[in-house]
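Engineer:
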Amino acid sequence: ASSVKRRNDITNAAVFTQFIEHCTTAISLDDLAKRNGVSRATMKRRFKWCWLADVPDPTAGHDKRIYDQIFLDGTYTAGGCLIVAATIDHVIAWHWCKHETTRDYQRLLERIEAPLIAVIDGGQGAYSAIKKCWPTTKIQRCLVHAQRVVRRYTTTNPRTDAGRTIYRLALKLTRITTLDEAAQWGAQLHEFSTIYRSWMDEKT
C-alpha cells in the first residue's frame, strides 16, 4: 500500500508541476497535451484537482519581521487581480481583489510590518495605502515601470531629438549601480529639462 501511495504522490507532483508551468508561462493546454501524448480534454481533467489546492498564507512565516525593502505589484487575470508584497527572492503576502484600490492594498499592508522602503509601480492605490499604513516608509518608483511610461510616449523609435534623448535617459535607469552614476543621471535629467523646456511646455 505504501508503494502505491508513493507512486501516486510522484504522479501528483508531476501533474502539479505542469499545472504551475501552464499557469505561469505561455505553455497552453494543447502544448502540454502534445508533450504528454494525450488529448486536451485529458490534460484539463488531470488539472481539475489542482485548481482546488489550498494555497498557504505566507504571512505567518514573516510575523513581526521588518524588511529593508518590499516590492508591491498587481497582476491581472481573468478572475481578478492578485496584489503581492515580496522581497527580491520570496513572497511575503498576497491578496485577491478586483482592482488595485487603496482599500485592497491596505488589507495587504496591514498584515506586514512597515519596511524602510517600498517599491511601487506608481499607482495611486498602493501609494495611498502606504501613506496610511506605513507612514514612515520611503516610497520609490519602480524603475522598470518608469521606463515603460517613457516608452509609451516616445515609442522605441522616437522621431524627435527630445524624444530620443529622454528615451536614452530612461534606458539608463536600470543600469545605475552607484551613487555617482545616480547623481550623474539626475544632472542629465536636469540638463534635459533645461534644453527642452519649450518642447515640454508644448507637450503638456
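With the working numbering applied, the sequence shown corresponds to residues 702 to 905, in that order.
Note that the Cβ used here is the ideal one computed from N, Cα and C, for glycine as well.
1) Taking the straight line between their C-alpha atoms, what separation do you get for Gln841 and Thr788?
2) Which residues does DSSP list as the beta-bridge partners of Ala794?
3) Quick one: Cα of Lys706 to Cα of Ala714, how far?
4) Look up Tyr768 in the DSSP assignment and say whether it is helix, strand or coil.
5) Using only the alpha-carbon positions, how far apart do Asp668 and Trp795 sit?
6) What does a CB cutoff of less than 7 Å around Ser829 pick up in its chain, not counting 5 residues either side in sequence?
7) Let me check one thing: in DSSP terms, what residues is Val820 bridge-paired to?
8) Could you pull out every residue in the same chain whose Cβ sits closer than 6 Å to the Cβ of Cys751, ignoring the five residues on either side in sequence?
9) For Asp822 versus Cys843, is the C-beta spacing smaller than 7 Å?
10) Determine the closest residue to Arg865 out of Ile877, Val851, Leu874 and Arg876, with distance taken between C-alpha atoms.
11) When the Cα of Ile793 is compared with those of Thr725, Ile813, Gly824 and Cys724, which residue comes out closest?
12) Does the Cβ-Cβ distance between Arg741 and Leu730 come in under 7 Å?
13) Just mark Asp790 as buried or exposed, buried being the case when its beta carbon has 16 or more other beta carbons within 10 Å.
Structural biologist: The answer reads as follows:
1) 14 Å
2) Ala786
3) Caution is warranted here: a pLDDT of 47 is assigned to Lys706, below 50, making its placement in the model unreliable, and no coordinate value can be reported.
4) coil
5) Missing from the structure shown is residue 668; the chain here goes from 702 to 905 and no further.
6) Thr803
7) Phe772 and Gln841
8) Phe717 and Phe720
9) yes
10) Val851
11) Ile813
12) yes
13) exposed
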